[in-house]
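Step one of this worksheet: look at the structure below.
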Amino acid sequence: MIHQHSRIIRRYYGSQVMDLILTAVQEECDLQSSLIFDTFRDSREIDRIIHDIKNYGYPILVNAIYRAQENDEVQQDDANLISLAQVANLVVEMSSMMNHWAMYCKFFVVTWNEAIKTEDKTQAIYPKPLLTSTFMGKIRQILTKDFDTLCTFAVRRTLEKSYLMENIPELTPQLSLCVKYLGMVSKNIHKSTNQSLLSLIPEDPPVSSMIDDVLMSLNMIMLHALSSGEFTTIKSMISNMKRLIETDFLNILKKKLEENQPRANTVLLNSATIRNIQMQQQPNSFYAGSQTGSSANLNGSRSGTPDVMGGSYLVKSINAAININGTEEENSTRLTNFIITLNSISQFQSYLEKLAENLITKLEKDNLLFLDDQQFSQVLQSFEHDSKTTIELSVNLVTSAGTTETPSVQDRIKVIIHTLSSSFNDKSSKTINSQLTMMFNQVFRTKLARLINETFTDGEYLVSSDRSSSLSGTSGSIINFIKEWNSLVIPYLTTMYKSNFLKLMKSIVKFISSSLESKIWSLDKNCNELGAAKLERDVSAIISEITKFDYSLRNEFIRS
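With the working numbering applied, the sequence shown closes on residue 563, and no number is skipped along the way.
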C-alpha cells in the first residue's frame, strides 16, 4: 500500500508527511499483527506444547549415553509427546512469520529514510515506530523464545528417533573390492597391478544412518533460523546446535566407540566375510578382467576352474596370509562397527563444513536487515526512559560487510556460523585421533612386529658368492611380506574414510620405520658385503610397497 501510494502522497502532500503516514500505518499494523499473533498462539496451543517440551527429559538420549536403562523401558515415557511433524509445522509457520516481518521492516526503513532524505546512505536511521512496535516486542520477547525451544526439541528428538532406528551398513561391498584386489596382487606379485589404489578408496564410506537423519534436521532448523532475520535467534540457535552435536550426538558416537573397541589382533577380513562375498558373486566374478586362459590362484599357481562358491580356493589363500580363524567373527563385528562409527564422525565433519558454507550463501542471498541486539535494546531503553531523546539506531542499507576493526552484524553471523563446524571438528578430531591410536595398538602393532621379524632373519644376509647369482630377483621373504602387508592393510583402505586411513597409515609407517631401523642395526654382525646389497634391495622394496598409498610417507624413512 505504501509503495503504491508513496508517489501520490509526495506529489500532493510532500515528502515531509511520509513519516507521519508511516507511523500511522505502523500503529494499525501493530494492532492487526498482534491480534493474528495471539490467535495463532491460542489456536496452536503453543503454551501447552512449550510446557510439555520443557518437561521432557530426553530419556532415550540419557540411556544412549549412560546406558541407565533398557530402550524398551524409556520409550514408554514419550508415548503422548508432541509429534515431530507437528513441531516442524510450527517451526515453519514461526519462521515464515518472522521472515515476513524482517522483510517488512527493511522496506519500512528504506521508505522512511527516502522520505527524510538521509544523505549518508551507509548510516540510515532505524525508525522509532519500529523500535517501539508492539509486534516487534512480541517477536523479540515471546516468538523468538518459543521458536528456540521448538527448534532445539526438533533436533534432539530427531537424534533420539534416529538412534532407536539406526541402520548399520555391512562392509561386504567394500571388502568384496578388497578381495578382488588381493587376488590380483598375489597373481601379479612380481609386477605392479594396473588398478590404482585411489580406485579402492570409497567415495561414500559406510556410515551410520544417524548421520543423514541428524544433518537433515539440523539443516532445516538452521535455514529457518536464518530466514527469521533475528540476530538473537541465530546466535541462540547456533549455540544450542553446537551444544547438541558436541555433547549429545558426539557422546553417543563416543559410547559406540567404547563399546566396540577392537580386541587385540582382531582381523577385519575373516572367513565368514569371504564366504558372504562369494555367495553374492557369480562364479569366477572375482577374476573377471584379471586373467586370461586358465585361472590363477592367489599364490600365483595355475589350475583348473577354482572352487569359488565352495570357498576352499580363495578362503585358504587369504586365511594363510592373514592368519585368522573362525572364532574371530564376533571380534570382527566389533571392529566393523568401530570403523563405521569413525567413518560417521568424519563424514559428519565434512557435512557440517558444507552446511556452514550453504548457510553463509543463503545469508548473503536473502540480504535481510539484521540488527545488533545490544544496540537495539540500548536505544529502545532510551526511548522508554525519555520519549524525546535524540539517540538513534543507525543501520547500513548499502552493504552488509564491515571491516576487521568494525565488523557488521552479517560479518559476525558468518563467524558464528563457521563455529558450528570448526568447534565440532576440533572436539571430534581429538576423539578420532585417540581412537585411531588405540586401534593401531590393538590391531596392527603386534602383527607388524611379527612381520618385520619374519622378513629379516639373522642368517638371511650372510650371503656367499655361490648364492649371489640367485639373488637378482625378489626374495621369497619380500614376496611373503608384500602378500601379508596387503592382506593386512587393504581391507582398511577400502572401508575407512580417507582422512582416517591416512592418519592410521602415518602411525603404521612410523612404527615400521622405527622397527626397520632397529632390525637393521641388529643385523650388524650378521650381514656381509653381498648381504648388505641384498638388504638394501629388500628394504627399498618394502619402502616402495608401503608408501604407494602416499608418496610423502617416504619422509618417515629419511634420517639426517
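Ideal Cβ placement from N, Cα and C applies to all residues, glycine included. Bear in mind that the values here come from a model prediction, so they are computed numbers and not experimental data.
Classification of residue i by the beta-carbon crowding that lies within 10 angstroms, buried from 16 upward
i           : result
residue 131 : buried
residue 551 : exposed
residue 281 : buried
residue 487 : buried
residue 72  : Residue placement at residue 72 is poorly supported in this model, since its pLDDT is 46, which falls under 50; the coordinates are not used for a value here.
residue 561 : exposed
residue 211 : buried
residue 88  : exposed
residue 17  : exposed
residue 559 : buried
residue 69  : exposed
residue 412 : buried
residue 165 : buried
residue 199 : exposed
Limits of the unbroken alpha helix (DSSP H) element including residue i
i           : result
residue 118 : 87-118
residue 466 : It is not in any alpha helix (DSSP H) - residue 466 carries neither H nor E in the DSSP assignment.
residue 401 : Neither: residue 401 is in no alpha helix (DSSP H) and is coded neither H nor E.
residue 24  : 21-46
residue 545 : 532-549
residue 637 : The displayed coordinates of the chain run from 4 to 563. Any statement about residue 637 would go beyond what the structure contains.
residue 59  : Looking at the DSSP string, residue 59 is not in any alpha helix (DSSP H), and its letter there is neither H nor E.
residue 412 : 412-442
residue 408 : Run containing residue 408: none; DSSP gives neither H nor E here.
residue 508 : 501-525
residue 391 : No alpha helix (DSSP H) holds residue 391; DSSP gives it neither H nor E.
residue 561 : From DSSP, residue 561 is part of no alpha helix (DSSP H); its letter is neither H nor E.
Alpha-carbon spacing of residue i relative to residue j, whole angstroms
i           : j           : result
residue 182 : residue 277 : 8 Å
residue 374 : residue 392 : 20 Å
residue 239 : residue 61  : 20 Å
residue 134 : residue 36  : 15 Å
residue 33  : residue 501 : 56 Å
residue 458 : residue 275 : 29 Å
residue 13  : residue 136 : 25 Å
residue 546 : residue 187 : 20 Å
residue 549 : residue 512 : 8 Å
residue 146 : residue 38  : 14 Å
residue 120 : residue 128 : 11 Å
residue 287 : residue 366 : Unreliable placement is indicated for residue 287, whose pLDDT of 49 sits below 50; the coordinate value is still reported in the next sentence. Cα-Cα distance, rounded: 55 Å.
residue 256 : residue 157 : 20 Å
residue 23  : residue 372 : 23 Å
residue 1   : residue 368 : The question about residue 1 has no answer, for the chain in this structure spans 4 to 563.
residue 464 : residue 438 : 39 Å
residue 467 : residue 541 : 17 Å
residue 363 : residue 27  : 36 Å
residue 555 : residue 506 : 13 Å
residue 383 : residue 29  : 17 Å
residue 185 : residue 484 : 13 Å
residue 422 : residue 107 : 30 Å
residue 355 : residue 409 : 28 Å
residue 11  : residue 25  : 14 Å
Minimum C-alpha distance to residue i - residue among the options
i           : options               : result
residue 445 : 268, 370 and 507      : 268
residue 143 : 359, 98 and 178       : 98
residue 234 : 461, 511, 491 and 415 : 415
residue 336 : 417, 479 and 260      : 260
residue 462 : 272, 199, 138 and 526 : 526
residue 40  : 111, 10 and 139       : 139
residue 456 : 45, 521 and 166       : 521
residue 176 : 518, 159 and 272      : 272
residue 496 : 344, 362 and 205      : 205
residue 115 : 208, 9, 348 and 150   : 9
residue 460 : 93, 92, 523 and 169   : 523
residue 347 : 430, 454 and 499      : 499
residue 543 : 529, 519, 528 and 345 : 519
residue 21  : 44, 110, 350 and 118  : 118
residue 90  : 191, 153 and 141      : 153
residue 397 : 126, 52, 5 and 86     : 126
residue 428 : 407, 159 and 246      : 246
residue 216 : 350, 480 and 53       : 350
residue 442 : 452, 503 and 424      : 503
residue 249 : 162, 230 and 262      : 162
residue 283 : 179, 494 and 7        : 179
Bounding residues of the beta strand (DSSP E) (the contiguous stretch that carries residue i)
i           : result
residue 267 : That residue, residue 267, is in no beta strand (DSSP E); it is neither H nor E in DSSP.
residue 129 : 127-129
CB contact check: residue i to chain C, cutoff 9 Å
i           : result
residue 107 : No chain C appears in this structure, which consists of one protein chain only.
Contact between the stretch 50-70 and the stretch 94-108 is defined here as three or more beta-carbon pairs at a separation below 8 Å; is this criterion met? no
Next on the checklist: Within 8 Å, do at least three Cβ pairs link the stretch 520-533 to the stretch 227-245?
Outcome noted: The stretch 227-245 vs the stretch 520-533: no contact.
Could you say if the stretch 417-434 and the stretch 382-401 meet the contact criterion of at least three C-beta pairs nearer than 8 Å? No: the two stretches stay apart, fewer than three of their Cβ pairs being nearer than 8 Å.
Sufficient close CB pairs (3 or more, under 8 Å) joining the stretch 163-173 to the stretch 105-114 = Touching, no.
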